[in-house]
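Peer 1:
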Amino acid sequence: MAKSITVKKGAVASGSSSSVEGGAALAGTISRDFKEAFRLSLADYGKQWRADRRLRALDLFALALVVLGAVQLLFVALIRDNFPFNAFLAGFIVCVGQFVLLMCLRLQLVAPLEGVSRGRALGEFSIASLVLHFVCLHFIN
Amino acid sequence: MRLPLSWALSTLLVFCQLVVSITPEGWENVQFDRIVDVRSTYTVETYELTAKNTGSEATTQYYLALPERVFQNLSMFTAALHGVDAFLNCYVYDGETQLDDGVRLSYGIIELPSPVAPGKEVQIAAKVFYNEAGLPYPEHIPLNGDQQLRFQTQRQPLSPYFTEKSSLQVISNTPVSEYDAKTDTLQELNKEGNAFVVDQWENVSPFKVDELDMVYKHNLPLKEVINLQRDIWVSHWASTVQFQEYYEMTNKGAKLDKGFSRLEYMKASQNQMTQLGMTPFASLLEMNLPDESTEQFFTDKVGMVSTYEKLGSSLFLRPRFPIFGGWFYNFTIGWTNPLENFVSSYPDDNEVFLLNVPLLNGPKDTVYDHASISIFLPENAELLDTGVPIPLETVSVDTEFSYFDFGTGHTKVTFQFKNLFTDMNKAEILVKYRFTKNSLFRKPITIAGYFFALLMSFFVLKSINLKVTSEN
Amino acid sequence: MSGKSTSARTGASGAQLQSEWAAAVAWMQTVLKVAVFGSIVVAAVSSRLFAVVNFESIIHEFDPWFNYRATKYLVENSFYDFLNWFDDRTWYPLGRVTGGTLYPGLMTTSAAVWHLLRRVGLPVDIRNICVMFAPAFAGVTAYCTYKLTCDIKDSRAGLLAAAFIAIVPGYISRSVAGSYDNEAIAITLLMLTFMFWIKAVKRGSILFGTCAGLCYFYMVSAWGGYVFITNLIPFHVFCLLLMGRYTAKLYIAYNTWFVIGTIASMQIPFVGFLPIKSNDHMSALGIFGLIQVFALGQFIKQQVSYKKFKIITAVSLVVMMVVGVLGLFALTYMGLIAPWTGRFYSLWDTNYARIHIPIIASVSEHQPVAWPAFFFDSHFLIWLFPAGVFLLFMDLKDEHVFIIAYSVLCSYFTGVMVRLMLTLTPVICITAAVALSKIFDIYLDFSQILFQEDNDDAEGGKKNKKSEGAKIWPLVSKLVVSGSFIFYLYLFVYHCTWVTQTAYSSPSVVLPSSTPDGRTSLIDDYREAYYWLRMNTPEDAKVAAWWDYGYQIGGMADRTTLVDNNTWNNTHIAIVGKALSSPEDRAYEILKEHDVEYVLVMFGGLIGFGGDDLNKFLWMIRISEGIWPEEIRERDFFTDRGEYRVDSGATPTMKNSIMYKMSYHGFPELFGGEAQDRVRGQHITQGDVGELHYFEEAFTSTNWMVRIYKIRDLDNEGRPLSQVSAATKAKSKRRAAQRRPQIELRV
């Protein structure tokens, strides 16, 4: 679980800092491409952010989850002991899981799939979240 | 006996309390003939008595002394007047006395139908059945060896009364020898007619203790059912009576001196005596089922046993392994009979029924330490009365839930017995109950109702489910 | 069955115009479908009942006996007691943490069924529930397969697939009545999980993803083979990603499944933290990360031009790959992730097990599959299988990729391990059903011909005669093709019934045989001996036997065993192997150290039963040689010419081993000094079989198949037992000589 997040971050990071590697000219174009992509995406995201209040709330929640997960990870890394491993794992996974579920919901809200209306997506999302939280609570002991 | 002194004292005190001052006096045994039958797994003692009232008053009670080994394992005690074809009322005194030399006794009390005037004589024939056979002697024998039993009983009459003339005979299929423990020698007894005569005595004083030790060959298993659980299910819907019996069986006979060798056993199987079942081990059990029984089965704790066969009304069971001395075998058998074989309705009230089932259907020549017989009446049946011809330990009534019992469950009557033996299978248990037409039909209606409710709830649940999804 | 479904369809297309008529036909279709389905379930259940009808309601084979025992424990105790169950009656003296080392899904389910039935007034014996468990779940499997195939093709293929899976021998082999094994429920759950997975992928619904996750959890709780799902679903996703088929649906389906499935699977005590530690689960985790990147990439792709996006993707992919692989190696190296298990290696290299882990290789179901087995287990489906896969390739939808991935992976693994035939069977059924229904779609569709006839009739006259010839050929070809396939179907049903009846319905606890006078009888030696143990030995007696019989002894004889079929401790098994292959005095020491009182060996020489201990003896030797190479040497048991002999040509080591002595003790004497071993076809003479000093024959079953020996207690003078028995023999001779006159006197 921990790895997946770092991979994700790595991907984001490589988007901004991969200009270090590669030959000079090639590296130049690549880094320019990356910058442009980054800028465009950010812009589009900004558009979404301004357009829909619900998405804004959702993203804030997702951000909070990322922070929460990061804090837990940091805490475990700092005290160098993960003794109640299941408790940590449950806490961490519930953050990641909820984040991913939120992303799923977000995808469905931005562009509804056929056969799954927005309302239904929300309902399904809540069922999935309930299951996730129940399992994690059970896992924490 | 290295028992703690305090324990010994306390038991002594208990015995003192138990020794109620019953002083069986007032009789004299004119003739006291005793015949001990040791052919079976249980022992039958027959008393042919001629007693004279020597007291001053007319009396109705005659006391028969029973030594410890008899009354501890006593299964039946009957008496009749000589030449009269009716049993006398007789029972065993509830308690025991101890003689001066430590021999413990109890009494069988025979109630005479009319008081016997002083000086008059009465002729009584009494029978005592008890679940004890001889002990194997020697205790360990080879697989194809002969089994001998050593049996101890009193020699001269043990009676609370003075005895003028007495005799003792032993009935056995094989020669009987008297064993002298001091010299370790055997003295064969003479056979007269079908019995072996031990001796005759005259003028024996009361409470005379004189032990006889005898040894005889007994090449039959001593089958003992430690525990029998017999369930009888009465079903008016299926119109059947179903029997299911669980046996915990062992063989009290001589143990094998070595381990069981299949090789020797296969050799012994060629033997004619083995094929006739004249062996100290039990390789075949003959169950005596009621007529018209069907759907017999034979299982044990690991599943079905395929080696059984029904011939006539007998069910021959071959256990998974021959039951040698000291070996155990637990098994279950069952069968079904039509209802009308055992249940009849009263002519004046056709909602009252009388169930009439045999006490036992077990194998031949077997004793039962403990038997629990349960009768399951149909659901909602009302128990009216029970009748059992032999003394029982307890009887209890409760309910048991079986298939599709949504109401009160089956009424279950349980009788507990001790010390039964095979020949008691002629005895019958009577149960009278009321089972109305109403309750006969109540059951299928209840079941149908539940099914309906189930289906309805399923439909309701389904519609609720749909709503939730459509809202979403 | 296929006939029924197609006839309904033809009727439907014949009445397209009138809507009322169409509604009635649709209703008819539903009724027919339900009827067909009902008969499929009946067929599925009843074909699995041969074992009960021919024999009895009994638990089969070896592993089911443990499951049965565990279920009984669960029914008699609480669920928490069950999870914390420490079993001191196996693996003496170690014991086994049973609650933490089993997959509780099967037992929990049957206990739940038991409680439920009690609630509704059906107090069924738990044994009968266990026996009937697999057939009942086979019915559910048929339903799941139907649903799954409906999503792959349509309901026609679905019904065919359901009918196939209901009676295909490859699945019946593990799900006849009485075969109360994890696989009985696992295949159902496998199908259920896949069904929800396909639905989730098709619809992009979080709900179905969650359901797939929960079913996956159930599967994890029931069978160790769940790893197959753990790898197959990521593999499917990976294929789709490579094919450039990333969609929001895929993202939703995979993420919900993964998150809920992973956290839930960690609830099973036996699995624990494996999903984040073991390499077997890493692919799922990797794909989870990958799909996040893809989601991000997709977002970016919408913004930038295609060309630039390509460069960005290429660069970041390379970076990620390097980082990921390095990270994986680093973590494995640091010991944070468990390396792949032995069984996993043996999947790739068939010889791995034989060289490194004899215990795994010794299990027959871990052997590579024999080719005829494919035909034996699936009959004509096996050649429809590639055709079906090809047809799926033709219109390659997302869900088709899944089935293709499934069939490719599974075909390979089945070639390695016989056991995995079971997981291949469902996909064979599905693809074969797809192929067959495609054939029937074309060749069983007579509507065109019939309609033409109608038109012709309306026109009437000469034309009719003319077109007759043109019409007859398509009709003939259709009739021939569909007729031959219907004939194949008939053969298939016949084959399935035959295979089920002859090969898969034997409980293997009871063997059928016939008496000289032609009647059938049962060889019931196992139960005879186990029941003897149960009845006539002390309740805490320890029984040493080869591990194959551990579960049965635990279940039927209810006695403590040293080793059993849960082969978790190789050393302990090797101890038993060593004892059995050692000479008497050495074996006596080993067994006494472990408080063993009885030794049980299987001997098939009298009736020619091949699966006896002397035939397994080489494995025992090999396994103990792996631990004590200087004490037990396989070479010593072979003659100079490299033969495995048990007659007078056998090596001294062989003849001295207690396995040899115990197997043949008294055997030559049975035939007057020289007997033929009917398994190995060799003559054993009286002189070959040495005497037993430390052991005493305690019981031998009717057909000599099970022989139980009691270990003699040490003489109280502390003499070695060989001397004691020699001395007593001399003494007893003397005593017998003295006694005889006495006996004569008595009689």
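Protein chains in written order, with full-length UniProt numbering: chain A, 1 to 141; chain B, 1 to 472; chain C, 1 to 747. Note that the Cβ used here is the ideal one computed from N, Cα and C, for glycine as well.
1. Exposed or buried, what is H379(C) when buried is set at 16 or more other beta-carbons lying within 10 Å of its beta-carbon?
2. List, in order along the chain, the chain C residues whose C-beta lies closer than 8 Å to that of C136(A)?
3. Any beta-carbon of chain A closer than 9 Å to the one on S221(C)?
4. On the three-state DSSP scale, how would you describe K199(C)?
5. Determine the closest residue to I403(C) out of F390(C), W223(C) and L475(C), with distance taken between C-alpha atoms.
6. Which word fits residue 479(B), buried or exposed, when buried means at least 16 other C-beta atoms lie within 10 angstroms of its C-beta?
7. Identify, in the order they occur along the chain, each residue of the same chain with its Cβ nearer than 8 Å to the Cβ of A373(C), setting aside the five sequence neighbours on each side.
8. So, at 8 Å on beta carbons, what are the nonlocal neighbours of E399(C) in its own chain, with the 5 sequence-adjacent residues on each side left out?
9. Does any C-beta atom of chain C lie closer than 9 Å to the C-beta of I447(B)?
10. L40(A): beta carbon under 8 Å from a heavy atom of the ligand COA?
11. Measuring only the C-alpha atoms, how far is I35(B) from P67(B)?
12. Using a Cβ-Cβ cut-off of 6 Å (strictly less than) and excluding sequence neighbours within five positions of A133(B), which residues of its own chain qualify?
13. According to DSSP, simplified to helix, strand and coil, what is G387(B)?
14. Please confirm whether D524(C) has its beta-carbon closer than 9 Å to some beta-carbon of chain B.
15. How would you label G666(C), buried or exposed, when you count the other beta carbons within 10 angstroms and need 16 or more for buried?
16. Under 7 Å Cβ-Cβ, which residues of chain B neighbour residue 820(C)?
17. Answer with yes or no whether the minimum CB distance from F609(C) to chain B is below 9 Å.
18. Any idea what DSSP makes of A121(A), helix, strand or coil?
19. Is the beta carbon of D647(C) sitting closer than 9 Å to the one on H683(C)?
20. Quick check on S663(C) - is its C-beta less than 9 Å from some C-beta in chain B?
21. Under three-state DSSP, which class holds H115(C)?
22. DSSP three-state call for D59(B): helix, strand or coil?
23. Cβ closer than 9 Å: which chain C residues qualify as neighbours of R34(B)?
24. Which first and last residues belong to the alpha helix (DSSP H) in which P426(C) is found?
25. For a contact defined as C-beta to C-beta under 8 Å, what are the partners of Y251(C) on chain A?
26. Under the rule that 16 or more other beta-carbon atoms within 10 Å means buried, what is P113(B), buried or exposed?
27. Can you tell me whether I58(C) is buried or exposed, with buried defined as 16 or more other CB within 10 angstroms of its CB?
28. Going by Cα to Cα distance, which pick from F393(C), V227(C) and S155(C) is closest to D441(C)?
29. Would you kindly report the start and end of the unbroken alpha helix (DSSP H) that includes I295(C)?
30. Under a Cβ-count criterion, where at least 16 other Cβ atoms within 10 Å of its own Cβ denotes burial, should M659(C) be classed as buried or exposed?
31. Note down the Cα distance separating L618(C) from P512(C), rounded to an integer number of angstroms.
32. Express the C-alpha separation of F393(C) and K233(C) in angstroms, rounding to a whole number.
33. Tell me the DSSP bridge mates of T520(C)?
34. What residues in the segment 420-442 of chain B have a beta carbon less than 8 Å from any beta carbon of chain C?
35. Are the beta-carbon atoms belonging to L354(B) and L430(B) less than 9 Å from one another?
36. Can you find a CB in chain A that lies within less than 9 Å of the CB of T230(C)?
Peer 2: On the basis of the supplied data:
1. Position 379 of the third sequence, counted from the first residue, corresponds to residue 379(C). By the 10 Å Cβ count, H379(C) comes out buried.
2. What you label residue 136(A) is simply residue 136 of the first sequence in a count that begins at 1. Per Cβ cutoff of 8 Å: I263.
3. Against the third sequence, residue 221(C) aligns to sequence position 221. Not one chain A Cβ lies under 9 Å of S221(C).
4. Within the third sequence, the letter at position 199 stands for residue 199(C). Helix at K199(C).
5. In the third sequence, the residue the question calls residue 403(C) occupies position 403. Comparing Cα-Cα distances from I403(C) to each of F390(C), W223(C) and L475(C), the minimum goes to F390(C).
6. A query on residue 479(B) cannot be resolved here, the shown segment of chain B reaching from 1 to 472 and no further.
7. The residue given as residue 373(C) occupies position 373 in the third sequence. Excluding sequence neighbours, A373(C) sits near V418 and M421.
8. The count along the third sequence starts at 1 and reaches residue 399(C) at position 399. Correct list, in chain order: D151, I152, I198, V201 and K202.
9. Reading the second sequence from its first residue, position 447 is the one you call residue 447(B). Interface residue, yes.
10. Looking at this structure, you won't find the ligand COA or any other ligand, since it has none at all.
11. Counted from its first residue, the second sequence places residue 35(B) at position 35. Counted from its first residue, the second sequence places residue 67(B) at position 67. Rounded to the nearest angstrom, the two C-alpha atoms are 16 Å apart.
12. For the purposes of this step, residue 133(B) is taken as residue 133 along the second sequence, with counting starting at 1. Counting only Cβ-Cβ distances below 6 Å, and skipping sequence neighbours, we find T41 and L222.
13. As a working note, residue 387(B) is residue 387 in the second sequence. Note: G387(B) maps to strand in three-state DSSP.
14. Position 524 of the third sequence, counted from the start, is the residue given in the question as residue 524(C). It does; some Cβ of chain B falls within 9 Å.
15. By one-based count along the third sequence, residue 666(C) stands at place 666. G666(C) is buried by the Cβ-count criterion.
16. Coverage of chain C is limited to positions 1 through 747, which leaves residue 820(C) absent and any answer about it impossible.
17. The residue you call residue 609(C) lines up with position 609 of the third sequence. Judged by the 9 Å Cβ criterion, F609(C) is not in contact with chain B.
18. Residue numbering aside, residue 121(A) sits at position 121 when the first sequence is read from its first letter. Helix at A121(A).
19. Against the third sequence, residue 647(C) aligns to sequence position 647. Against the third sequence, residue 683(C) aligns to sequence position 683. Yes, these two residues count as a Cβ contact at 9 Å.
20. As a working note, residue 663(C) is residue 663 in the third sequence. Not closer than 9 Å to any Cβ of chain B, the Cβ of S663(C) fails to qualify, so no.
21. Indexing the third sequence from 1 puts residue 115(C) at position 115. Helix at H115(C).
22. Locating residue 59(B) in the second sequence gives position 59, counting from the first residue. Note that residue 59(B) corresponds to Thr in the displayed sequence, not to Asp. T59(B) falls in the strand class under three-state DSSP.
23. The residue labelled residue 34(B) in the question sits at position 34 within the second sequence. Per Cβ cutoff of 9 Å: no residues; R34(B) is ~26 Å from chain C at best.
24. On the third sequence, residue 426(C) is found 426 positions in, with the first residue counted as 1. First-last of the alpha helix (DSSP H) with P426(C): M421 to Y443.
25. As a working note, residue 251(C) is residue 251 in the third sequence. Under the 8 Å cutoff, chain A gives M103, C104 and L107.
26. Translated into positions along the second sequence, residue 113(B) becomes position 113. P113(B) comes out exposed.
27. Here residue 58(C) corresponds to residue number 58 of the third sequence, with the count starting at 1. When all chains shown are included, I58(C) counts as buried.
28. Within the third sequence, the letter at position 441 stands for residue 441(C). When only C-alpha atoms are compared, the closest one is S155(C).
29. Locating residue 295(C) in the third sequence gives position 295, where the first residue counts as 1. Looking at the sequence itself, residue 295(C) is Ala, so the reference to Ile does not match. Start and end: M282 to K301.
30. One-based indexing of the third sequence puts residue 659(C) at position 659. Looking at its Cβ environment, which holds 16 or more other Cβ atoms inside 10 Å, M659(C) is buried.
31. Against the third sequence, residue 618(C) aligns to sequence position 618. Against the third sequence, residue 512(C) aligns to sequence position 512. Those two C-alpha atoms are separated by around 28 Å.
32. The residue you call residue 233(C) lines up with position 233 of the third sequence. The residue you call residue 393(C) lines up with position 393 of the third sequence. In the sequence under discussion, the amino acid at residue 233(C) is Ile, which differs from the Lys named in the question. Rounded to whole angstroms, I233(C) to F393(C) spans 18 Å at the Cα level.
33. Here residue 520(C) is taken as the residue at index 520 of the third sequence, counted from 1. S514(C).
34. Of all residues in the segment 420-442 of chain B, none is placed with a Cβ closer than 8 Å to any Cβ belonging to chain C.
35. Counting from one through the second sequence, the residue named residue 354(B) turns up at place 354. Counting from one through the second sequence, the residue named residue 430(B) turns up at place 430. Yes, the Cβ-Cβ distance between L354(B) and L430(B) is below 9 Å.
36. Mapped onto the third sequence, residue 230(C) falls at position 230. Closer than 9 Å: no.
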